[in-house]
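See below for the structure under consideration.
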Amino acid sequence: MSRRTMMKTVGLGTAGLAVPGLVAGCSSGGGGRTSIVLEETKPEVIPYFNNLVAKFNASQKSVSVTHDSSSSLIAAFVRGNPPDIDCDNYNLTTSIFVARGVLADLASLPQAQTIEPNIQALVTQYASYKGETSVLPYSVAAEGVIYNVDLFDKVGVSAVPTTLTEFLAVCEKFKSAGITPVYQTYGDTWTTQQGLFDYTVGGMIDVAGFYKQLGAAGTNLGPNSSVSFEKDFTEPCKKMLSLAPYFNDNAISKHYADGNTAFAAGQAGMYMQGPWAVGQVLAINPKVKMGTFPLPATDDASQTKCRANLDLAIWLPRSQGSAQRAAAIEFLGYLMQPSVVNAYNQANLAFSPLKGAPPQTSPLVSGLQKYVSSGAFYQGAGTYVPLTIPVGNFIQEMMLTGNVSGFTSSMDGAFKRLAIRTSA
Amino acid sequence: MTATSAPAGRNPLRMLKNLFFPVAPAYLLMIIPAIVLFTFFIIYPTIQGMFYSFTNFVGYGTFHSIGFANYKAAFSDPTIRDSYGFTLLFAVVACIFTNVVALAIAIALNAKIKWRSGLRTIFFMPMVLSGLIVSYIFTFIISTSVPIISAAIHFAPLESNILANQHLAWLGVVFVASWVAIPGAIIIFLAGLTGISTEVYEAVSIDGANVWTTFRRITFPLLFSFLVINTILTFKNFLNVYDVVVGLTGGGPGTATTSVAQTIFSGFFNGDYAYQMANAVIFFLITLFFAVFQLSVIRRRGGGL
Amino acid sequence: MATEVSTTAVVAPRIRTRRPRPVPEGGRINWGLTIIVAIVSLIVILPLYFAIAMALKSPAQTGTGTGFNFPWPIQWGNFRAAWDLTDTPLAASMSLLITLIAVAGEIIVSALAAWAIVRNWGHWQFRATFGYLMIALFIPFPVVALPQVKLMSAIGLDNPFGVAILHIMFNLAFNVLLFSAFIRGIPVELEESARLDGCSTWQTFRRIVLPLLAPISATVGIFAFLQSWNDFMMPRLITSNPKFQTLPVVQYLFQDQFTTNINVAFASYLMALLPTLVAFLIAQRWVVSGIMRGSIK
């Protein structure tokens, strides 16, 4: 009997704890406000957006926004209750929402006209739906080679390398000084994929054009098609492997956190990472002085481009109640005011997608500004690969075994099989 | 089995009674609602999932039927083939390892040792942690602590992180997955062991049997059904390994430790749902095959013992 | 044939006979075995100590040494940070709500079903039902995940209650397996004598069978508690309102590869451990005492 009474008390106690939470969740914004949900999950900027949402809620009386950062978008669409407005990373997986037509067309919004066209193009490079404007860019992240300014001075490098020869020379200087030129963390496949792989490939071929033709080749992909991984990726991959002597020996055991720690401790001169890592490194060692330059994969400086991606982009779901749609558009209007967009990007080491936006002044990433301004950027080759193909793992295997043809034939085979079943 | 007579007025019960004569209605009430709900919440979605494997559905939006295209592609996909290879090897080895170790520990915990309940509690502890958290703990231990300690005591094989080794990483997965599974297996074995009366052991020891003979002639046959349950269940659970692989190696290095469940789930989150549903159906059939195979082998052997 | 063997192996817990407990009472303690077991137990203790140490360190302390170094100074702040960041009280009460409903439901539903099946084993329909459940035991979760998400949303159960119901249904097969194995060891005579005294089927179950099922109920209960409490995938997919999310899902925030606050994450895991430990220690007493009772012939 005592077991039963204990169970009862625990049960009641739980219900007592849970009820206030449940009731609180039921209430609407209070006082006739339309409440909508903003889904934004980038961990580093959750407090920033909490702040923006609070300011917006306080500034007007008709809309109440709740900021959620933990739901699964796919599950939400499956359930049929997607967020009212989403501001998240735009990648190939998110582009499936575009391709399947579940996002609203934002072309008629005035904000759509304020976006720089070659940045809007980043959206359609992955997918588009009947020519609609399904996604509005909000923040462009640019990535290149992060370098330690003090260590550059120490080994006598006065200017960032703009050609491959100059880059190799810098590596040699570090090697003779006994410092690891570039720190790699093969243990986390995404770091090699977005860094070494994307930078080398992007600097040597037209990535967007390649994938467009790859898609067109479809099931005919092979030795006879106009493009293939074997034809176009062999040279870049060989170049990647040729840089291996300049990496740390134990790269396979190292993960992202190890890389940040090592770079912060001055154990390497360069680090192929994005602005997200900069914050992590500074958190470990605030005294590190860093800059970024795009990896020059060829000896033609005019060909050098930097990697870019839509770190944040806004969309609305197509099926939405009219009150929620109006409220979401109002909130979108607030978010996309130039002052808000530009302030966000400046504060977060990113680049604003708006026409005529002020340049990014932080020395940590300003080295990439001219490339972003002139449109000399590409979306990483690895980002065009559907997640069903474990390209990160393939790259890791290639770096460990040195087998380039194995990599390219895996990729060609995988894409061909993908084409066979998706064209059915 | 006494049949309770239902009053003439209760027609539905009378009909049921005639259908399942002469089962008491109470029993039907205990089982039928459960089975109906079970069918609705589990079986019906399973059939739906199987249906989707013949389409290009991603979970939302429009889709259309594509026949067997997903299945044909699955059979020629080296990533899927490799994941089955790894998963099967892993499941067999982990199943044997887990059951042998759990049985040994259970026998030890059932013997006359000091601090018996305290030691039992310790061995049950790993159960309270989720597989994912255990993996995070072991990732650090295996990749950082073990190499440092091995270097200090000059134990060469473990000086480099085995999780970074394409050919040895699966051993790390076996160890961690077993670490999580052994407590549950110990509980089941202990339940069986304590059912074996001590009189039996005393009688045998008077007759002069040694430890091994005792085990082979007495303990093992009486534990048999529990071994059956444990083998089938642990094998099924290991076939479905997901948390440990994702937490420990992420499926790497390369694709060396990518499990079938991991591949299937990735399809759900990566917009390749229907394709992986075909994979899942194949996986279900393989799992069933192994269960039936194990049962038939064990029955034949059980008769022989 | 395998099931027949179990009837003889699982001894009926006769609660009335009393015999001296077969616990070592002075002498005859196998010290050698004790030492071996104690050493083997290190394999369990060390990783747990590691987790505790991680929760008490700062990122700087984590980067050095083997990881087994004692955390000093102790960063109690990690717990505070974890508590705030994951809104532990609400998430924990959600987890607890689901878990308690699931555990209670699983025990009752499965015990009833198992008893009905075992007591009517002579009828093919019941044997077939058992086989039906056993086949369903092997359905991999990924197969049903997405259709279940749609289904629960369509019938308005995309909330913690829906998750609890799914837990009950998912574990029905396994629990029925455990309960039925145990029930086969309970002599039918006990129930028949109850019926002769005039008990109905329900009363027989409630008065005679259910108390006898205590040890296996505790076992099923503890398995159910752990599976429900630690479940990450199902609540994440099924529950639509993020406010009602469970603790493991909320802790998932820490697993994003772009954050390195491992120490706070471990502090959060340890806090999540506490209810499980409590439930576990309580249930373990019953399991052990039930096992002890069962061993007395």
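Protein chains in written order, with this note's numbering: chain A, 1 to 424; chain B, 1 to 305; chain C, 1 to 297. For every residue, glycine included, the Cβ atom is placed at its ideal position computed from N, Cα and C.
| Run of the alpha helix (DSSP H) containing V180 of chain B, from where it starts to where it stops | Taking the first residue of the second sequence as 1, we reach residue 180 of chain B at position 180. 169-193 is the span of the alpha helix (DSSP H), which, as asked, contains V180 of chain B.
| field | CB contact below 9 Å: L146 of chain C versus chain A | value | Translated into positions along the third sequence, residue 146 of chain C becomes position 146. With 9 Å as the cut-off, L146 of chain C counts as an interface residue toward chain A.
| said: Considering just the uninterrupted stretch of the beta strand (DSSP E) at S313 of chain A, what are its terminal residues? | reply: Mapped onto the first sequence, residue 313 of chain A falls at position 313. Sequence check: residue 313 of chain A is Ala here, not Ser. For A313 of chain A, the uninterrupted beta strand (DSSP E) segment begins and ends at 306-315.
| task | Kindly identify the DSSP beta-bridge partner or partners of G291 of chain A. | result | Start at 1 with the first residue of the first sequence, and residue 291 of chain A comes out as number 291. Partner residues in the beta bridge of G291 of chain A, as assigned by DSSP, are A:Y147.
| message | One question on the structure: do V98 of chain A and V123 of chain A come within less than 9 Å of each other, judged by their Cβ atoms? | response | Numbered from its first residue, the first sequence carries residue 98 of chain A at position 98. Numbered from its first residue, the first sequence carries residue 123 of chain A at position 123. Contact: yes.
| field | Neighbouring residues, chain B, relative to F77 of chain A (Cβ below 7 Å) | value | As a working mapping, residue 77 of chain A is identified with position 77 in the first sequence. The CB of F77 of chain A comes closer than 7 Å to the CB of G59, Y60 in chain B, given here in chain order.
| request: Tell me, please, which residues DSSP counts as bridged to P12 of chain B. | output: Position 12 of the second sequence holds residue 12 of chain B. P12 of chain B pairs with nothing; no bridge assigned.
| request: Entirely within the stretch 116-204 of chain A and at least 3 residues each: give me those beta strand (DSSP E) ranges in chain order. | output: Within the stretch 116-204 of chain A, the complete beta strand (DSSP E) segments at least 3 residues long are 136-143, 145-148, 180-183, listed from N- to C-terminus.
| request: With 9 Å as the threshold, decide whether the Cβ of S295 of chain C is near any Cβ in chain A. | output: On the third sequence, position 295 is the one that residue 295 of chain C refers to. In this predicted model, S295 of chain C has a pLDDT of only 41, less than 50, meaning its place in the structure is not dependable enough to derive any value.
| query | In chain B, which residues lie with their C-beta within 9 Å of the C-beta of P386 of chain A? | reply | To locate residue 386 of chain A, count along the first sequence from 1; it is residue 386. In chain order: N270, G271, D272.
| Counting pairs of Cβ atoms below 8 Å between the stretch 259-279 of chain B and the stretch 386-393 of chain A, do you hit three or more? | With the cut-off at 8 Å, the stretch 259-279 of chain B and the stretch 386-393 of chain A touch.
| Quick one: complete alpha helix (DSSP H) runs, 4+ long, within the stretch 218-281 of chain B? | If we require 4 residues or more, the alpha helix (DSSP H) runs fully inside the stretch 218-281 of chain B come out as 220-239, 243-248, 260-269.
| message | On the DSSP bridge list, what partners appear for D88 of chain A? | response | In the first sequence, residue 88 of chain A corresponds to position 88, counting from 1. Paired residues: A:A313.
| query | Contact between the stretch 92-110 of chain B and the stretch 143-151 of chain B: three or more CB pairs below 8 Å? | reply | Using a Cβ-Cβ distance cut-off of 8 Å, the stretch 92-110 of chain B and the stretch 143-151 of chain B are not in contact, since fewer than three pairs of beta carbons, one from each stretch, lie closer than that value.
| said: Is there a Cβ of chain A sitting closer than 9 Å to that of Y275 of chain B, yes or no? | reply: Taking the second sequence and counting its residues from 1, the one referred to as residue 275 of chain B is at position 275. Yes, Y275 of chain B counts as interfacial toward chain A.
| request: Decide if N69 of chain C is buried, meaning its Cβ has at least 16 other Cβ atoms within 10 Å, or exposed. | output: Residue numbering aside, residue 69 of chain C sits at position 69 when the third sequence is read from its first letter. Answer is exposed; the Cβ neighbour count stays below 16.
| query | What separation, rounded to the nearest whole angstrom, lies between the Cα atoms of P181 of chain A and Q396 of chain A? | reply | Within the first sequence, residue 181 of chain A is the residue found at index 181, counting from 1. Within the first sequence, residue 396 of chain A is the residue found at index 396, counting from 1. Straight-line Cα distance between these residues: approximately 20 Å.
| message | My output table needs one value for Y269 of chain C: the three-state DSSP class, helix, strand or coil. | response | The count along the third sequence starts at 1 and reaches residue 269 of chain C at position 269. Three-state result, Y269 of chain C: helix.
| message | Looking at F377 of chain A: is its Cβ nearer than 9 Å to the Cβ of A142 of chain A? | response | One-based indexing of the first sequence puts residue 377 of chain A at position 377. One-based indexing of the first sequence puts residue 142 of chain A at position 142. Contact: yes.
| Helix, strand or coil for H64 of chain B per DSSP? | One-based indexing of the second sequence puts residue 64 of chain B at position 64. Coil, per DSSP.
| message | So if I threshold CB-CB distances at 9 Å, which residues from the stretch 72-99 of chain B count as touching chain C? | response | Against chain C - using a Cβ distance shorter than 9 Å - the stretch 72-99 of chain B contributes no residues.
| field | Under the three-state DSSP convention, the category G30 of chain A falls into | value | Start at 1 with the first residue of the first sequence, and residue 30 of chain A comes out as number 30. Caution is warranted here: a pLDDT of 47 is assigned to G30 of chain A, below 50, making its placement in the model unreliable, and no coordinate value can be reported.
| message | Strictly below 7 Å CB to CB, what residues from chain A border T255 of chain B? | response | Taking the first residue of the second sequence as position 1, residue 255 of chain B is located at position 255. Close to T255 of chain B, with beta-carbon spacing below 7 Å, are these residues of chain A in chain order: P390, N393.
| request: For A297 of chain B, count neighbouring C-beta atoms within 10 Å of its own C-beta (all shown protein chains included) and say buried if the count is 16 or more, exposed if not. | output: Here residue 297 of chain B refers to the residue found at position 297 when the second sequence is read from its first residue. Inspection of the sequence shows that residue 297 of chain B is occupied by Val rather than by Ala. That one is exposed.
| How would you call V53 of chain A, buried or exposed, if buried means at least 16 neighbouring beta carbons within 10 angstroms? | Counting from one through the first sequence, the residue named residue 53 of chain A turns up at place 53. Here V53 of chain A is buried: its Cβ has 16 or more other Cβ atoms, across all protein chains shown, within 10 Å.
| For the beta strand (DSSP E) that S64 of chain A lies in, which residues bound it at each end? | As a position in the first sequence, residue 64 of chain A is number 64, starting the count at 1. Following the DSSP letters along the chain, one finds S64 of chain A inside the beta strand (DSSP E) bounded by residues 63-68.
| query | At least one CB of chain B closer than 9 Å to the CB of I98 of chain C: is that the case? | reply | Position 98 of the third sequence holds residue 98 of chain C. Judged by the 9 Å Cβ criterion, I98 of chain C is not in contact with chain B.
| query | What residues from the stretch 396-410 of chain A come within 8 Å of chain E, judged by C-beta to C-beta, listed N to C? | reply | Absent from the structure: chain E. Protein chains present are A, B and C.
| said: Please list, in chain order, the chain B residues whose beta carbon lies closer than 9 Å to that of L277 of chain C. | reply: Walking along the third sequence from the start, residue 277 of chain C turns up at place 277. Near L277 of chain C (Cβ distances below 9 Å), the residues of chain B are M125, V128.
| message | I'd like to know if the stretch 236-253 of chain C and the stretch 211-220 of chain C are in contact, where contact means that at least 3 CB-CB pairs between them fall below 8 Å. | response | Because the criterion of three Cβ pairs below 8 Å is not met, the stretch 236-253 of chain C and the stretch 211-220 of chain C do not touch.
| request: Compare the C-beta of T258 of chain B with all C-beta atoms of chain A and state if any pair is closer than 9 Å. | output: Here the question's residue 258 of chain B lines up with position 258 in the second sequence. Among the residues facing chain A, T258 of chain B is included, as its CB has a counterpart in that chain under 9 Å away.
| request: Answer with buried or exposed for N56 of chain B, where buried requires no fewer than 16 other C-beta atoms within 10 angstroms of its C-beta. | output: By one-based count along the second sequence, residue 56 of chain B stands at place 56. Taking a 10 Å sphere around the C-beta of N56 of chain B, we find 16 or more other C-beta atoms and assign the residue as buried.
| message | Counting only Cβ-Cβ distances shorter than 8 Å, please list the residues of the stretch 36-69 of chain B near chain C, keeping chain order. | response | The stretch 36-69 of chain B vs chain C, Cβ under 8 Å: L37, F38, F41, I42, I43, Y44, P45, T46, Q48, G49, M50, Y52, G59.
| said: Taking beta-carbon pairs under 8 Å, can you tell me which members of the stretch 215-237 of chain C lie near chain A? | reply: So the list reads R236, L237, given in the order they occur along the chain.
| query | What does a CB cutoff of less than 6 Å around M411 of chain A pick up in its chain, not counting 5 residues either side in sequence? | reply | Residue numbering aside, residue 411 of chain A sits at position 411 when the first sequence is read from its first letter. Only F229 meet the Cβ criterion.
| message | 9 Å is my cut-off, CB to CB: does D84 of chain C come that close to chain A? | response | In the third sequence, residue 84 of chain C corresponds to position 84, counting from 1. No, D84 of chain C lies away from the interface with chain A (no Cβ there is under 9 Å from its Cβ).
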